[in-house]
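S.K.: Take a look at the following structure, please.
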Amino acid sequence: MFETLLPYLLAGISVGGQYALIAVGYTLVYGILRLINFAHGDIFTAAGFFMIYLMASLPIGLSIPLVIVLTVLLGFTVERVAYKPLRTAPRMSIMISAIGVSYLLQNLMWYITGGLAKQYPVLPGLSETIQIGSATTKLVTVVTPVLTVLLVIALVLLIKRTKIGMAMRAVSVDFETSQLMGIKINNVISVTFIIGSAMAAIGSMLYFSNYTAVTPTVGAMPGLKAFVAAVFGGIGSIPGAMIGALIIGICENLIKAAGWTAFSDAFTFALLIVVLLFRPTGLFGEKTTDKV
Amino acid sequence: MSEVKTSGNNVLRLTDITMQFGGVVAINNLSLEVNTGEIVALIGPNGAGKTTAFNCITGVYEPTNGAVYFHGKPIAVNHPQGKMIKQYGGINADKYKDQKAVVYTPDKITHMGIARTFQNIRLFKSQTAFENVLIGTHLRRTSNFLTATFRLNMKEEKAMREKASQLLEEVGLSDVANELATSLPYGKQRRLEIARALATDPTLLLLDEPAAGMNPQETDELGEFIVDIKNKFNLTVFMIEHHMNLVMDISDRIYVLDFGKQIAEGTPDEIQKNPVVIAAYLGVDEE
Amino acid sequence: MKKLIALVLAVMMLVPAFAMADNVIKIGVFEPSTGDNGAGGKQEILGIEYANSLAPTVTIGGEDYTVELVIEDNQSLTDKAISAAQSLVSKNVSVVLGSYGSGVSMAGGDVFAEAGVPAIGVSCTNPNVTLLCDYYWRICFLDPFQGTVMANFAKELGASKAYVLTMLGEDYGVGLGKYFVDAFKNLGGEVVEENFTEGTSDFAAYINNAVSNGCDVVFAPCATTYAALIIDQAAAQGVTFPLLAGDTWENSAILNAAKGKDIKVYCSTFFDENDDAAAAAEFVSGFKAWLNADEGKKTNNGGNDIVAAVSALGFDAYNVALAAVKAADSADPAAIAAALPGVTYEGVTGAIAFDDVGDAKKDMAYIKYANPETGAFDFVKTQSVGQ
Amino acid sequence: MKKGNKRLIISLIVVALFYAGGCLIEHLSGTTSMVVTVLQKGAVYALIAVSMNLLNGFTGLFSLGQAGFMLVGAYSYAILTIPMAKRAAVYQYYNGGWVQFTIGVLPALLIAGVVAALFAALIGLPVLRLKGDYLAIATLGFAEIIRAIVQWDTIGPLTNGSNLLKTYPTLKNIMPGNTVLFTFIVVGICIGMILLLINSTYGRSFKAIRDDEVAAEAMGINLFHHKQMAFVISSFFAGIGGALLAMYQGSLQANSFKSAMTYEILLIVVIGGMGSVSGSIIASFLFIACSEWWLRFLDAETMIGDFKVPLLAPGFRMVVFAVVIMVVVLFFRKGIMGDRELWELGSRRKAKGGASVK
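Protein chains in written order, with the working numbering: chain D, 1 to 292; chain R, 1001 to 1287; chain C, 2001 to 2387; chain L, 3001 to 3358.
Below you can see the structure in the form of structure tokens.
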């Protein structure tokens, strides 16, 4: 029994870990701006293309940091250009802006790449195959969960211990008040986007080493699933996002194992709706009451 | 249970109302009565829980414990449940244990005849003054969406519009009927909110700081206005107010709230003399 | 501002979309150059362009007409295909070539039929393309044939239980899969059928299912985008059984995915570049030269000068179209449509003659093996249903 | 009030002229010309955009389920109208399918709407209790689920699974030569009904909910009941819109009803102006005309002499498009019409701010 399930679990854990790294971006941004950053999945995709184009000419030692930098820049720019001007606007128009950005990024990538799948370069230390018990798989499958956990711990420390982290928490609790307290909202938000994008960049490296074809729309599904993971784990909670992501990753693989392959995506949304209805605060989120 | 018997002619009646948010007790065991035709004021320092009381009455909040009766009919009954049982900081919890909880959504309660205004004015911002009042009349409609869509309710529609413009007349806003509600000056917005509330045919009108941000002269006018509409629409008025002269001028009775507790009740003169009240207010002044 | 917009709108709407110079005959190219099938579509266009470069004119009624190719991208999407087709029709093309992919062809079919413009399917293999559209002809073999062929081949590889994986919502793959299943069952084989949803990247679970179900062959007709992922992850999980697919897999994307990996990939296709028939050989050498002369064309071909079967089909399609024009001796779509059924042509992909449904009578498929060492396709054998 | 009437009459005349123009164009340039395509598809999208506007613009419910309901409508229509003779061929893998009868086009259109509305009623029960962007993501999710179910092989005999539905009556064979007129009539009637609803007491309370839920509830408006109503009605027309889209396309595949489609419609609504019916209509025709026709040249590599025009390549059109949309979203948040209607232009309700502004 376990022998047969093992490969599914491995796949689930690794893909879950990759969702987790994307989910962090969602959960941080939503925690502070109450905005579903629809473009996050596309930023993730962009990171994939950056790597492809950089690796074509540069050594891996340079490419990896450059990819992270570029992705961070992209995320930062998106925030400054598309979200900052709408700070005071109603939530709906910010979300529409987010959708617009996603639409733009996708079409841009479509235009540049001709909409054809691009082969992701081989990253040493990730792409080799190894034998675990009965299962053969890529090294990335093992690396991902470890790396994810480490990054999440680091993030949690950053948020709990550092000044900026404190600021982030303050802003996420009460936007206006923290503004009055002299916190530079815009900086805090930028930092959130920077962290989110960096995580997405790392996530993309792991994800695409595992699933080696990059297309302009490839990020959409993982993006949505990562968001669901963030909601499931409790918006604003980074460990929550990770656990949510792992659960989703494993579940969808088990569902495929059970032969319900056509509904592996539908399941994610079903889960989202169930969570929203019965536990809107997710696994680790705190309850908030809106004032009349 | 003695509290539950209703003393004849009271419109509104709160018994042992306690409202608790997590560990914070916003209202602690508040009991009060508002009788037909009265103007009753609820006063107290900021954060005393006055608006919370209104929200409990209008169904925005579900009281943690206690009961609210409207014309003797329970519109909210509750006792600590779930994890609240442990957290509960108020008293008289067991008194409502064996009563079944009653919860109505705000719209139902408005339907029964309680209308309110808001401390921070909440007009429909994209609508004109006229439309704001018109929306108030929607509640008493008899048409369904089909008859309304296909204009089989012309008579009713006409009636609604007449009623709305009449109400604007009453509150003296006919001249600005087609202005955007939010473009009106502050005082007129307050009046508009009252007109909109009246459009729902209430028997009890809850006013949340109707004179907030008004100058003395405006305030006096408002006082007359309130008395005026009370008689015209034979209402009962229950209001939260800070302007003491307004309160003392028009209210028949006054309840004083401090830190969620009722500290005094009585006629304006009694309250003015009441040492506890004075203390409470001085206490506030110090801060 | 608003008035202006309204004005512009009105004016543009009233501009009739007619414009036609004389002594030019327009041939529409209805192909995906973006989207899931973009890679194959581009190769098909290359074949057509090459044919056009060899035969740029056609004589009608004694006069020489230059052939103008009007290329529209149907984005591999059925809904986009309709407007692409409409745009072709509105540009008054006399005949249409395409498309790669059956869904878009069926979607466009109505538009062409409505306008009375004949269309020649190049590599769309679903029966309904011609069956449900009176203006569609086709020069390649059909899925029932292809499915049977691959089923036979799978049996010859000694497979007894097949794992059939197709993309939910893609009629080409699902259809071909079904024909394979029927044929394979008739041959006494067992089958496990599963679908993946569009945008799937994680095929690990599917491979696992194939393994844990004890399948000894995988048949996965799907777009190259997914094919590359399936091959890569199958290799990563060290599967030993062969992967089979239909014509779409004959693409450099597959070669790149399989290169240097321990995996066996076979696909059926319409043409073999090492075919020693004179016409074919001539086409291959000429086409390679033509490709190598232009970097842009080479990149469109996938960065190498391997001759894809769809390019050969594109080449034939163009010539069939010209033959039809000559036969009709007119640029009028109706006339061409009337002439098409009678057209016969010795193509590089074999003799082409239409049956009464409008399909080319072809009874031979080429089976190729994606060689991981050389990174090229090795010709395995020709196969027909007879065997 | 009189002025209002005059405006109404004028705009009616405008509409009439537009109709006449539409038919005229079709007779001049032939059914297959691009301009006719634009008129047909533009009209269909107009209906869909208006139905979405009813929800997002007028009731303030940010729903992204439109594509799902269009899908339901389109499939209901197609499944019910495919002629018996053709069913065997269409359902080639499901030996003819389950449905073994055919009904007329107009009843089928109506049923398409009703079925979509039923789905909406079911989905609304849980989902409409969610707020803001949670509602958005949940409706998006439901749309995806619906698509997965429709493509599911097990109900293939009903939906033909992943394969195209064809041969059902299309615009062309209902009123040959007058396709535009037919589309305009159906769409006109639907939008007319939506307009009537919006200007009824129910429409007013929808707007109240959009402006301030708490106040609306305090006015005795039952939030859930009214939201559900808006949701169901919107979906009803989205269903009809989907059916019309199917009629326009001539072939139907669940695959094309992705969330991307919903986004497109949403952006049309934004460009036209949240809370403006006429805005949505104008925007639809503009959007379709640009994307299907005027901007096509952006996709074609063109040579002027030996000089290759830079940038022009497949996909560039959509980039330009997306940029334009971002500009609108960021700098012209009111869109073309704000939340006013054509016949209100120049009326004295100037300062009026739209749902999407301030």
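The C-beta atom is built at its ideal place from N, Cα and C for all residues, glycine as well.
(1) Tell me whether Gln2233 (chain C) sits in a helix, a strand or coil according to DSSP, three-state version.
(2) Three or more beta-carbon pairs under 8 Å between the segment 188-196 of chain D and the segment 162-172 of chain D, yes or no?
(3) Relative to chain C, which residues along the segment 3157-3180 of chain L have a C-beta separation below 8 Å, given in chain order?
(4) Which of the residues in the segment 2085-2108 of chain C, read from start to end, lie with their CB under 8 Å from any CB of chain L?
(5) Please return the same chain residues whose Cβ sits closer than 7 Å to the Cβ of Val1982 (chain C), not counting the five positions on each side in sequence.
(6) Determine which residues of the segment 91-113 of chain D have a Cβ less than 7 Å from any Cβ of chain C, and write them out in chain order.
(7) Quick test of your reading: Leu1168 (chain R) and Ala1195 (chain R), contact by CB under 8 Å. State the CB separation rounded to the nearest angstrom.
(8) I'd like the list of long-range same chain contacts for Ala3289 (chain L), defined as Cβ closer than 8 Å, with 5 residues on each side in sequence excluded.
(9) Label Ser3076 (chain L) either buried or exposed according to how many other C-beta atoms from any shown protein chain fall within 10 Å of its C-beta, with 16 as the threshold for buried.
(10) Here's the rule I'm using: 16 or more other beta-carbon atoms within 10 Å means buried, otherwise exposed. How should Ile130 (chain D) be labelled?
(11) Is Val3277 (chain L) closer than 9 Å to Ile3198 (chain L) when the C-beta atoms are compared?
(12) As a quick exercise: from R:Ser1251, R:Val1102, R:Gly1260, pick the residue whose alpha carbon is nearest that of Gly1089 (chain R).
(13) Can you pull the chain C residues whose beta carbon is under 7 Å from the beta carbon of Thr215 (chain D), in chain order?
(14) If you compare alpha carbons, which of L:Ile3282, L:Val3115, L:Ile3137, L:Ala3020 is closest to Val3180 (chain L)?
(15) Could you list which residues in chain R have their beta carbon closer than 8 Å to that of Ala3215 (chain L), in chain order?
(16) Within the segment 3306-3345 of chain L, note down every full alpha helix (DSSP H) run reaching 4 residues or more, in order along the chain.
(17) Can you look up Ser3162 (chain L) in the DSSP assignment and give me helix, strand or coil?
(18) Can you name the residues that DSSP bridges to Met3303 (chain L)?
(19) Does Asp1175 (chain R) get closer than 9 Å to chain L when you measure Cβ to Cβ?
(20) Verify whether the separation of the beta carbon atoms of Ala3215 (chain L) and Phe1130 (chain R) is less than 9 Å.
(21) Measuring alpha carbon to alpha carbon, tell me which residue in L:Gly3113, L:Tyr3093, L:Ile3155, L:Thr3031 is nearest Phe2112 (chain C).
(22) By the DSSP assignment, the alpha helix (DSSP H) with Trp110 (chain D) in it spans what residues?
(23) State buried or exposed for Thr162 (chain D), treating a residue as buried only when at least 16 other CB atoms are found within 10 Å of its CB.
(24) How many angstroms separate the CA atom of Ile2207 (chain C) from the CA atom of Ala3074 (chain L)?
(25) So what's Phe2283 (chain C) in DSSP terms, helix, strand or just coil?
(26) According to the neighbour-count rule (16 or more other Cβ atoms, all chains shown, within 10 Å of its Cβ), is His3225 (chain L) buried or exposed?
(27) Going by alpha carbons, who is nearest to Leu3109 (chain L) out of L:Arg3087, L:Cys3023, L:Leu3245?
(28) Under 8 Å Cβ to Cβ from Leu1246 (chain R), same chain only, skipping five residues before and after it: list those, please.
(29) Keeping to the same chain, check which residues put their C-beta closer than 8 Å to that of Gly2303 (chain C); ignore five residues upstream and five downstream.
(30) If we ignore side chains and look at the alpha-carbon of each, how far apart do Gly92 (chain D) and Met221 (chain D) end up?
(31) 9 Å is my cut-off, CB to CB: does Ile3325 (chain L) come that close to chain D?
(32) Does the separation of the CB atoms of Leu1205 (chain R) and Ile1057 (chain R) fall below 9 Å?
(33) Between the alpha carbons of Ile273 (chain D) and Ala2360 (chain C), how many angstroms are there, rounded?
(34) Between the C-alpha atoms of Asp2079 (chain C) and Met2106 (chain C), what's the straight-line distance to the nearest angstrom?
(35) Check whether the Cβ atoms of Gln3253 (chain L) and Asn3163 (chain L) lie closer than 9 Å to each other.
(36) Please confirm whether Ala1115 (chain R) has its beta-carbon closer than 9 Å to some beta-carbon of chain L.
M.R.: A quick look at the data gives this:
(1) Gln2233 (chain C) sits in a helix when the DSSP states are folded into three classes.
(2) yes
(3) For the segment 3157-3180 of chain L, the residues whose beta carbon sits under 8 Å from a beta carbon of chain C are, in order, Gly3161, Ser3162, Asn3163, Leu3164, Lys3166, Thr3167, Thr3170, Lys3172.
(4) Gln2086, Ser2087, Val2089, Ser2090, Gly2103, Met2106, Ala2107
(5) Residue 1982 (chain C) is absent from the structure shown; chain C starts at 2001 and stops at 2387.
(6) Trp110
(7) 6 Å
(8) Val3038, Gly3042
(9) So Ser3076 (chain L) ends up on the buried side.
(10) Its Cβ having fewer than 16 others within 10 Å, Ile130 (chain D) is exposed.
(11) In this structure, Val3277 (chain L) lies closer than 9 Å to Ile3198 (chain L) by Cβ.
(12) Checking every option, the nearest Cα to that of Gly1089 (chain R) belongs to R:Gly1260.
(13) Correct list: Thr2225.
(14) L:Ala3020
(15) Phe1118, Arg1122, Leu1123, Phe1124
(16) Taking only runs of at least 4 residues, the alpha helix (DSSP H) segments lying wholly in the segment 3306-3345 of chain L are 3316-3331.
(17) coil
(18) The partner list for Met3303 (chain L) (beta bridge, DSSP) reads L:Lys3308.
(19) no
(20) no
(21) L:Thr3031
(22) 91-113
(23) exposed
(24) 35 Å
(25) helix
(26) exposed
(27) L:Leu3245
(28) Taken in chain order, the residues that qualify are Ala1211, Thr1219, Asp1220, Leu1222, Gly1223.
(29) Ser2252
(30) At residue 92 (chain D) the sequence reads Met, which differs from the Gly that was named. Distance between the alpha carbons of Met92 (chain D) and Met221 (chain D): 22 Å.
(31) Ile3325 (chain L) counts as touching chain D.
(32) no
(33) 51 Å
(34) When rounded, the distance between both Cα atoms is 11 Å.
(35) yes
(36) yes
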